[in-house]
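Chains as they are written, first to last, in the numbering used here: chain F, 115 to 440; chain B, 115 to 440. Written below as structure tokens is the structure these notes are about.
2 protein chains.
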Amino acid sequence: MSTIREVAKVANVSVATVSRVMNEKGYVSEKARTAVLQAIKQLDYRPNRVARSLFQKRSGLIGLIVPDITNPFFPQLARAVEDMAHQHGFQVILCNTDEQFQKEQEYIQSLEAMHVDGLIITTNYSNNPNYEELEVPIVALDRVLQGAIPTVTSNGHDGGKKAAQFLLDHGATELVVISGPSKLPTIRKRRDGFEEIAGKHLVASIESPFHFQGALGAANYLFDHYDCNGIFAANDVIAAATIQVAAERGIAIPDQLQIIGYDGIELGQMISPPLTTIAQPIYQMGELAAKLLIQRIEGKEIAAVHHELMVEVIERETTKRKGEES
Amino acid sequence: MSTIREVAKVANVSVATVSRVMNEKGYVSEKARTAVLQAIKQLDYRPNRVARSLFQKRSGLIGLIVPDITNPFFPQLARAVEDMAHQHGFQVILCNTDEQFQKEQEYIQSLEAMHVDGLIITTNYSNNPNYEELEVPIVALDRVLQGAIPTVTSNGHDGGKKAAQFLLDHGATELVVISGPSKLPTIRKRRDGFEEIAGKHLVASIESPFHFQGALGAANYLFDHYDCNGIFAANDVIAAATIQVAAERGIAIPDQLQIIGYDGIELGQMISPPLTTIAQPIYQMGELAAKLLIQRIEGKEIAAVHHELMVEVIERETTKRKGEES
DNA sequence: GATTGATGTGTAACCGGTTACACAATATGA
DNA sequence: TCATATTGTGTAACCGGTTACACATCAATC
């Protein structure tokens, strides 16, 4: 791989001139410019980004910290972030924390040491650490962080309300919410919104882990202990598990039991019957987070600190058609 | 952020000594060592990895190029690669090509310019480009590349055979394979293996795109034109679509129709009924690819060039229990 | 003809680590 | 006692870009 000095030699100019041509900065004569361009082509010269980073203190790297890319909520988010980053000439570094505080800290340290230009974090350690003290710009995604850190979430409270209203409107009378880990604020909001509207129709409110196996257990527990005809699951994976357990037990969906999920991941349309769900605009959330981050990186001030996007219900087949409530 | 020279000043030694302490290289007196360590702690000094990269020509970065992280096959792969990379002190840069030649080339150029230490590629442009000419070590995952590039795949031919054998053993008599895009060698192998064993029981062999919507169309086409009681889908997403279409049409699974998928992604267990499938060891494949790459990066020669892992059938509920075939 | 400003170019320092090399000081062995 | 390791440390060059600054040249203006 050739260097700028070699290019300079071939083009018979100084390195400064080569640099000027490359960055289109400062005065360069037409003659010098073509000579340099010619030399660059001849040597297949591409500037060393590491060297450039060192001087400019800008690496063109964005760190994306997620709990686990394997959780089907995150690939779409990651994709959105990567697309937006790519459009602006950034690359993204993927980090999985498994929700472990220590891994998260390790990654942040590494990323800082390699001078990433910014960080997008979806994390739980909302309060503990010193995000505000970090020198790099940060945007929080799907989780709300303390302080002056911009965040992007969707309106979970409204989502919960919409879910309850939808079930009620479609003839469900005994409602259950299978919530996620209640230490997560975003999850609590969904549940609270649901319970607010469900009111006296609420039969039970139980908790489930996010992963499928755990949700299977929660669903079994639910059916063992309660009777209901409308379930709101805190995410689509839990909803899928609930559907599976219901199918095993011969409970007809949506006739005997209606189920509504949350998230709007692709999984929802792949299962049978296809899942009615409260869809977050996942891709847009990732996109917005990346956009905000890039704006901060480029020094623009950001207006609102907290961005909350709307959710919408996607009606599929785990709920009854309107007018057929029976 | 403090620099090595500041540390040197505080510890009252030269930068060389600080560097020696940090890298545990060369002679350092106990006295100097403790002074340096003390200074490092005092200043919360962390070496600038960019500067280190520049000199060492080693960035600690691995590029992972996938078609689309949103395709449920890839998150597990990415996770495995990232885990292994992290264990060895590397970070991974995620790139989505959408199977577009041009995006792939762009990414490779960028990654080269930022001096990634290695590349893991899952790509289709098996023949076209100049992978062999690249200076960075490469490992191909799930796709076979020409030349001396190490590859990691699973035994698709055997997988196809196993699928056919399994359906036959469980009482299916009229078999169909819904294959993926036949330009992909890995996909062709699955189909060929299946057809080899299916023999005269093969009723039809059709092609489907990989994404769910397209697969829905293919499944509808299939049911409109053929009668069969055993289907092999080239991946689990296609299988899920087939199940959904079958459910819509009131075809009982597995009683009237048995379905077997391919891949072994989590989706398979989340759908109803849970999917019998030929599972690739996805995580292990990613892990192995990363391991091989890291070995190459560290200069070790690699024995075998092509690694083919075994697949196994995971029996769930879209196929009949043995002994209950009819 | 002198002053001013725009244009064009090169030298060398700088970013922050790493390390070859020179030079000491001390220890070992004959 | 003198030659030879062994141990310990600092200076300065280097990695490959970027850019402040000095210096030229040339046209326009007074």
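In this text, a Cβ means the ideal position worked out from N, Cα and C, and glycines have one as well.
{"Asked": "Could you tell me whether the region 351-366 of chain B touches the region 308-326 of chain B, using the rule of 3 or more Cβ pairs below 8 Å?", "Found": "yes"}
{"Asked": "Measuring CB to CB, does Val206(F) end up less than 8 Å from Ile207(B)?", "Found": "yes"}
{"Asked": "Does DSSP classify Ala262(F) as helix, strand or coil?", "Found": "coil"}
{"Asked": "Using 10 angstroms around the beta-carbon of Ala66(B), count the other beta-carbons present and answer buried if the total reaches 16, otherwise exposed.", "Found": "Because chain B is modelled from 115 through 440, residue 66(B) falls outside the range shown and cannot be assessed."}
{"Asked": "Just list the residues that DSSP pairs Glu218(F) with in beta bridges.", "Found": "Note: Glu218(F) sits in no beta bridge, so no partner."}
{"Asked": "Which residue or residues does DSSP assign as beta-bridge partners of Gly177(B)?", "Found": "Ile207(B) and Leu233(B)"}
{"Asked": "Less than 6 Å between C-beta atoms, sequence neighbours within five positions excluded: which residues of the same chain meet that for Glu426(B)?", "Found": "Ala393"}
{"Asked": "Quick one: complete beta strand (DSSP E) runs, 3+ long, within the region 364-440 of chain B?", "Found": "372-377, 390-393, 420-423 and 426-428"}
{"Asked": "Can you tell me which of the three DSSP states Ile311(B) falls into?", "Found": "helix"}
{"Asked": "Need the endpoints of the alpha helix (DSSP H) that Val124(B) sits in, please.", "Found": "Ile118 to Ala125"}
{"Asked": "What would DSSP say about Thr267(F), mapped onto helix, strand or coil?", "Found": "strand"}
{"Asked": "Is any beta-carbon of chain B found at less than 8 Å from that of Pro189(F)?", "Found": "yes"}
{"Asked": "Return helix, strand or coil for Val291(B), following the three-state DSSP convention.", "Found": "strand"}
{"Asked": "Can you give the beta carbon distance from Ala347(B) to Gly375(B), rounded, assuming they're within the 8 Å contact cut?", "Found": "5 Å"}
{"Asked": "Below 9 Å on C-beta distance, what does Phe326(B) contact in chain F?", "Found": "Glu380, Gln383 and Met384"}
{"Asked": "Under 7 Å Cβ to Cβ from Ile428(F), same chain only, skipping five residues before and after it: list those, please.", "Found": "Gly378, Thr390, Thr391 and Ala393"}
{"Asked": "When burial is assigned at 16 or more other CB atoms within 10 Å of the CB, is Ser296(F) buried or exposed?", "Found": "exposed"}
{"Asked": "Of all Cβ atoms in chain B, is any one closer than 8 Å to the Cβ of Asn162(F)?", "Found": "yes"}
{"Asked": "Quick check on the burial criterion: 16 or more other C-beta atoms within 10 angstroms. Buried or exposed for Lys171(F)?", "Found": "exposed"}
{"Asked": "Hey, His202(B) and Ile408(B): beta-carbon distance below 8 Å or not?", "Found": "yes"}
{"Asked": "From Ile179(B) to Cys209(B), what distance separates their C-alpha atoms?", "Found": "5 Å"}
{"Asked": "Closest to Lys155(F) by CA distance: which of Val124(F), Val195(F) and Ile176(F) is it?", "Found": "Val124(F)"}
{"Asked": "Which residue from Thr211(F), Glu226(F) and Ile263(F) puts its Cα closest to that of Leu175(F)?", "Found": "Glu226(F)"}
{"Asked": "Given that His339(F) touches chain B, what residues does it touch there, using C-beta distances under 7 Å?", "Found": "Within 7 Å Cβ-Cβ: nothing; His339(F) doesn't reach chain B, min ~22 Å."}
{"Asked": "To the nearest angstrom, report how far apart Arg193(B) and Val127(B) are at their CA atoms.", "Found": "43 Å"}
{"Asked": "Return the CA-CA distance between Thr356(B) and Ile292(F), expressed in angstroms with no decimal places.", "Found": "29 Å"}
{"Asked": "From this set, Glu120(F), Ser116(F), Arg160(F) and Ile311(F), which residue's C-alpha is nearest Asn79(F)'s C-alpha?", "Found": "There is simply no residue 79(F) to check, as chain F begins at 115 and stops at 440 in what is shown."}
{"Asked": "Please list the segments of the beta strand (DSSP E) lying wholly inside the region 148-199 of chain B, counting only runs of 3 or more residues, in order along the chain.", "Found": "175-180"}
{"Asked": "Looking only at its own chain, which residues have a Cβ that is under 6 Å from the Cβ of Cys342(F), when we skip the five neighbours before and after it?", "Found": "Glu288, Val290 and Val317"}
{"Asked": "The alpha helix (DSSP H) that contains Glu362(F), what's its start and end?", "Found": "Asp350 to Glu362"}
{"Asked": "Indicate whether the contact test is met: 3 or more Cβ pairs, each with one atom in the region 261-275 of chain B and one in the region 304-317 of chain B, closer than 8 Å.", "Found": "yes"}
{"Asked": "So, for Asp283(B): in the same chain, excluding its five sequence neighbours on each side, which residues have a beta-carbon less than 8 Å away from its beta-carbon?", "Found": "Lys436"}
{"Asked": "Using a 10 Å radius around the Cβ and a threshold of 16 neighbouring Cβ atoms, would you call Pro299(F) buried or exposed?", "Found": "exposed"}
{"Asked": "Report the three-state DSSP secondary structure of Ala146(B) (helix, strand or coil).", "Found": "helix"}
{"Asked": "Applying the 10 Å Cβ sphere with the 16-neighbour rule, what's the burial state of Ala278(F)?", "Found": "buried"}
{"Asked": "Run down chain F in chain order and give the residues with a C-beta less than 8 Å from the C-beta of Ile222(B).", "Found": "Correct list: empty, because the minimum Cβ distance to chain F is about 11 Å."}
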